[in-house]
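Before any comments, here is the structure.
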Amino acid sequence: MKKSRSLALLLIGSAACLSPAAALAMQQQRQTYDMPAQDLGDALRSAAAVADIELYASSRDLEGKTAPPLKGELTPREAIEALLAKSGLVARFEAGSVVISRGTPLANAGDNGAEPIIVTGSRITGAPTATPVIRVTSEDIRNAGHADLGEVARSLPQNFGGGQNPGIGNSQGAANENVNANGASTFNLRGIGPNATLTLINGNRFAYSSVNSVIDVSAIPIAAVDRVEVVADGASAIYGADAVAGVVNILLKRDYEGVSTSARLGLSTDGGNFQQQYNLLGGTTWSSGGIIAAYDYSRGSAIRAKDRSYASANNPDSTLFPALRRHAVLLSGHQSMGGGVTLAADLIYKSGIMKTATGYTVGQPLRASGLEARTEFETFGLAPTLSAELSSSWKLKAGVFFGTDTTDGLSQNFSGGAPSTAIARHFFNRNIAVEAGLESSLFDLPAGAARLAVGGGYRTNRFKSEIGTQSVARSRHNHFAYGELLLPLASPDQNLGIAHRASITGAVRYEDYSDSGDIVTPKLSFVYDPVEEVRLGLSWGKSFKLPTLYQQYSGYVALLVPVGGFGQGYPAGSTVAYALGPNDRLEPERSENWTFSATVKPARGLELSASYFRIDYKDRVAPPLASGAGVLDNPVYADLITFNPTPELLDDIIAGADGGLQNITGFPYDPVRVVAFLDARDRNVARQKYRGVDVAVRYDFDLSSKQQLSLNATGTWLDSSQQLLPGVPTTELAGTIFHPPHFRARGGITFSGQSFSLAAFLNHSGGVTDDRRPVQVKISGSTTLDLTGRLRLGAGTEIALSAQNIFNSKPEPIFTTSPFDTPFDTTNGSAIGRFLSVTVRHDW
Numbered sequence: 011m012k013k014s015r016s017l018a019l020l021l022i023g024s025a026a027c028l029s030p031a032a033a034l035a036m037q038q039q040r041q042t043y044d045m046p047a048q049d050l051g052d053a054l055r056s057a058a059a060v061a062d063i064e065l066y067a068s069s070r071d072l073e074g075k076t077a078p079p080l081k082g083e084l085t086p087r088e089a090i091e092a093l094l095a096k097s098g099l100v101a102r103f104e105a106g107s108v109v110i111s112r113g114t115p116l117a118n119a120g121d122n123g124a125e126p127i128i129v130t131g132s133r134i135t136g137a138p139t140a141t142p143v144i145r146v147t148s149e150d151i152r153n154a155g156h157a158d159l160g161e162v163a164r165s166l167p168q169n170f171g172g173g174q175n176p177g178i179g180n181s182q183g184a185a186n187e188n189v190n191a192n193g194a195s196t197f198n199l200r201g202i203g204p205n206a207t208l209t210l211i212n213g214n215r216f217a218y219s220s221v222n223s224v225i226d227v228s229a230i231p232i233a234a235v236d237r238v239e240v241v242a243d244g245a246s247a248i249y250g251a252d253a254v255a256g257v258v259n260i261l262l263k264r265d266y267e268g269v270s271t272s273a274r275l276g277l278s279t280d281g282g283n284f285q286q287q288y289n290l291l292g293g294t295t296w297s298s299g300g301i302i303a304a305y306d307y308s309r310g311s312a313i314r315a316k317d318r319s320y321a322s323a324n325n326p327d328s329t330l331f332p333a334l335r336r337h338a339v340l341l342s343g344h345q346s347m348g349g350g351v352t353l354a355a356d357l358i359y360k361s362g363i364m365k366t367a368t369g370y371t372v373g374q375p376l377r378a379s380g381l382e383a384r385t386e387f388e389t390f391g392l393a394p395t396l397s398a399e400l401s402s403s404w405k406l407k408a409g410v411f412f413g414t415d416t417t418d419g420l421s422q423n424f425s426g427g428a429p430s431t432a433i434a435r436h437f438f439n440r441n442i443a444v445e446a447g448l449e450s451s452l453f454d455l456p457a458g459a460a461r462l463a464v465g466g467g468y469r470t471n472r473f474k475s476e477i478g479t480q481s482v483a484r485s486r487h488n489h490f491a492y493g494e495l496l497l498p499l500a501s502p503d504q505n506l507g508i509a510h511r512a513s514i515t516g517a518v519r520y521e522d523y524s525d526s527g528d529i530v531t532p533k534l535s536f537v538y539d540p541v542e543e544v545r546l547g548l549s550w551g552k553s554f555k556l557p558t559l560y561q562q563y564s565g566y567v568a569l570l571v572p573v574g575g576f577g578q579g580y581p582a583g584s585t586v587a588y589a590l591g592p593n594d595r596l597e598p599e600r601s602e603n604w605t606f607s608a609t610v611k612p613a614r615g616l617e618l619s620a621s622y623f624r625i626d627y628k629d630r631v632a633p634p635l636a637s638g639a640g641v642l643d644n645p646v647y648a649d650l651i652t653f654n655p656t657p658e659l660l661d662d663i664i665a666g667a668d669g670g671l672q673n674i675t676g677f678p679y680d681p682v683r684v685v686a687f688l689d690a691r692d693r694n695v696a697r698q699k700y701r702g703v704d705v706a707v708r709y710d711f712d713l714s715s716k717q718q719l720s721l722n723a724t725g726t727w728l729d730s731s732q733q734l735l736p737g738v739p740t741t742e743l744a745g746t747i748f749h750p751p752h753f754r755a756r757g758g759i760t761f762s763g764q765s766f767s768l769a770a771f772l773n774h775s776g777g778v779t780d781d782r783r784p785v786q787v788k789i790s791g792s793t794t795l796d797l798t799g800r801l802r803l804g805a806g807t808e809i810a811l812s813a814q815n816i817f818n819s820k821p822e823p824i825f826t827t828s829p830f831d832t833p834f835d836t837t838n839g840s841a842i843g844r845f846l847s848v849t850v851r852h853d854w
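As structure tokens, then:
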């Protein structure tokens, strides 16, 4: 009876139970424990590993606490509660996990502001995912020496680090999709494109940044981040548009007590990139809620061509990496209102300046022949949410989001030693969303309760662009509804010989867009644990992405050109009308995703996983022509050509083009001489295929009661290709310049002691082929070593020393056609080189 009452109270206070049967089974399974008295954090990690459950706890709550010896046959609940007996901490048990926090006993859990664990990749709390979730904790971030979430993104082999975003690189083609107008840092899984990876903050969308449908993760002070979760699998049926390659969920710290300050100084040893970073984190909790606030200021100087030996063909004052200054503020709080109702809100604000410079010649000063650009940016987002226990079964979560992102830039050209033309740029995004969802148990099955999540909402995106005299102002609205059902097929307490645990999950989502019509996306997942130590997962689904409003509505260009190499046999003086650029008739891009995964835990602390993925991405927006040579004589391009166009058709094309007709024939426009109209505007033509394998190994073990060693390695092999039109040869993407290499990997070892830790990481990125010319050139990959040491001095002070790329690996120069081309593949290489930093942190 006592256990039944505790379980009932737990269900009321937390929305994180997969089902009562599953939670009870987890608490009743007995394991053998034989642990000495030791650090409380180490003891809890060991107990969680024995029980095969996930542990969530704040290192600050555990710091300085000791656990008593633990021996005997115990359930996970009994073991963890025994370890916490004199610590002043309490445990909240959930399906497959335990949350350790300060607070009152479980009897008061319904009113202490407790929040369910957010599960990335599902709307159903506690649902298992068929694809392994990649987790990067705040401790991992500090051990790696990363200063912001952009660096975290670039460290993941599954992510394409391209452009070293903040986006850099001149005249390197449209393939460099990571370039953004305001120095934003973004995730880009599989190299499919930043706006094909959906990034969330605490499970919520935030404002798009600049011209791309992406979130600038540098707007989030890293001191406020608890962990980052990545599901590299299509998830549009769960989250809607943009989740083609997967979803990234940035989870903020929740209950934080105290104040923490830190200062970081660093520089590139080859010159430039002197960085300063200062941050402040404060928080407090009370019986029914809590709040945290974070402020981050960072400033970095530019890297110029004169600082790098491989950039001798560039103007010495051209920037290879921009100068950046950034302020970021975050507020996050929650308050229990009683009766199972909790209010929470996240607020983010960022502002900053980016400066770049490009010299057009090598021998002249930049201000004699060149360009200087200054870009100012500001981001704001507010996401309040309400969670309510409507009954012992039904749970409601509703939220609103309002966010804006503004970018203003001025590009000043210089010619003849004096300022010449200046071009102003302005981009504005406004995102508003309202969403509500319900979750409940439906009925009981032998393996547990079937669970359902349903919901719907409304979103609108307003975009404005002004570049010189060109102006665009467009909005997109959509309504959506979703449903997700979890059916448990087997559970451990059934003692089935053929399965330890199994479940199937199905989801479907309906969206109605103001400019694209209706879209329905399904997803099915099957998770099967034949034994406790092995998990197999199979996932199938469809996803989609909308073209960006800039991509669709920013206007096309109309050209009049001599027929020349476009075709043979035409009379002298014949011309071709040519339209290229954005197209307001674009439709959604669509994909079909398959993932098969296996995870094995053969020994305590050891986990191995492997996933095979395949993505068939259709209707990608792309220019239909790589070259106009011979296009009029090639039947493959017949759908793009109107021969002998009427004057009325030509007038319509000219009237709709930005700036009217651009005549580069040298003769007056004569519609009689136009032998063909070539419509090369962007359209849904490209088909891309991605396939590959992810592997990961992690092994955590104790060297002593106060020392731990962690070994981990992850790697990704990727193959991808593209076909622009039926009948056109397929071209390789992965392994070619400006695209991901076939293989990326990262491995590390971390030693943690009571007063210090030392971490080393080896990073490898494979080579690519420069296929832009008839004679292809191999560009070698890179292997770098990072070292980070952290020393705790007592009384809350820590000093960290970090060396990134300690052997100073440099990018290989590539073929360029002008002095203002960036001299290396910025989508795979970096100008930063060896970077040394020192960080001092103090917890007050």
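Per the working numbering: the sequence shown = residues 11 to 854. Don't be surprised by glycine CBs; every beta carbon is placed ideally from N, CA and C.
- Annotation for R435: the continuous beta strand (DSSP E) segment containing it runs 428-455.
- Of the other Cβ atoms in all chains shown, 16 or more fall within 10 Å of the Cβ of K555; this residue is therefore buried.
- Rounded to whole angstroms, S767 and L795 show a C-alpha spacing of 17 angstroms.
- With three or more CB-CB distances shorter than 8 angstroms, the segment 595-605 counts as touching the segment 547-565.
- One thing to note: E521 has its Cβ within 8 angstroms of the Cβ of F490.
- In this structure, Q786 sits away from K716, with a CB-CB distance that is not shorter than 8 angstroms.
- Buried is the label assigned to E239, since at least 16 other Cβ atoms lie within 10 Å of its Cβ.
- For the 8 angstroms CB-CB criterion, V530 and V518 form a contact.
- By the neighbour-count criterion, in which a residue is buried when 16 or more other Cβ atoms sit within 10 angstroms of its Cβ, E822 is buried.
- Taking a cut-off of 8 angstroms for Cβ pairs, the segment 297-305 and the segment 256-268 touch, as three or more such pairs fall below it.
- Taking C-beta separations shorter than 8 angstroms and ignoring five residues to either side along the sequence, the partners of V641 in its chain run F576, G577, L635, Y647, L650, I651, L688, following chain order.
- Counting only the Cα atoms, L713 lies some 11 angstroms from D52.
- Taking H852 as reference, the option from G565, G213, S272 with the minimal CA-CA separation is S272.
- Segment contact: the segment 799-812 against the segment 820-836, fewer than three CB-CB distances shorter than 8 angstroms; contact not assigned.
- Remark: C-beta atoms of G527 and R683 do not approach each other more closely than 8 angstroms.
- Scanning the segment 641-716 for uninterrupted alpha helix (DSSP H) segments of 4 residues or longer gives 657-666, listed from N- to C-terminal end.
- Taking each of L330, R309, G310 in turn and checking the Cα distance to S319, the smallest one comes out for L330.
- The DSSP-derived three-state label of A517 is strand.
- Counting the other Cβ atoms within 10 Å of the Cβ of K405 gives 16 or more, which makes it buried.
- With a cut-off of 8 angstroms on Cβ pairs, the segment 557-570 is in contact with the segment 661-669, counting three or more such pairs.
- Relative to A706, the option among P142, A61, L84, L291 whose CA is nearest is P142.
- Non-local beta-carbon contacts of D356 in its own chain, meaning distances under 6 angstroms to residues more than five positions away in sequence, involve N212, S342, A393 in chain order.
- When the beta-carbon positions are compared, F771 and A242 stay at least 8 angstroms from each other.
- Distance from the CA of T605 to the CA of P532, rounded to the nearest whole angstrom, comes to 15 angstroms.
- Your pair A769 and G758 checks out as a contact, with CB atoms roughly 6 angstroms apart and the cut at 8 angstroms.
- Comparing alpha carbon positions, the residue from G466, A194, V224, E617 closest to L208 is V224.
- The alpha-carbon of K407 is positioned some 22 angstroms away from that of D236.
- Contact check for T389 against A354 fails: the beta carbons are separated by 8 angstroms or more.
- Relative to the Cα of N773, the nearest Cα in the group A500, S619, E808, A723 belongs to A723.
- Here E542 is exposed: its Cβ has fewer than 16 other Cβ atoms, across all protein chains shown, within 10 Å.
- In the three-state reduction of the DSSP assignment, R624 falls in the strand class, which pools E and B.
- N259 and L159 have their C-alpha atoms spaced approximately 12 angstroms apart.
- Between the alpha carbons of R40 and V108 lies a gap of roughly 16 angstroms.
- The beta-bridge partner set that DSSP reports for L210 consists of N259.
- Annotated as distal: D306 and A333, with beta-carbon spacing of 8 angstroms or more.
- Between the C-alpha atoms of G380 and G478 there is a straight-line separation of about 18 angstroms.
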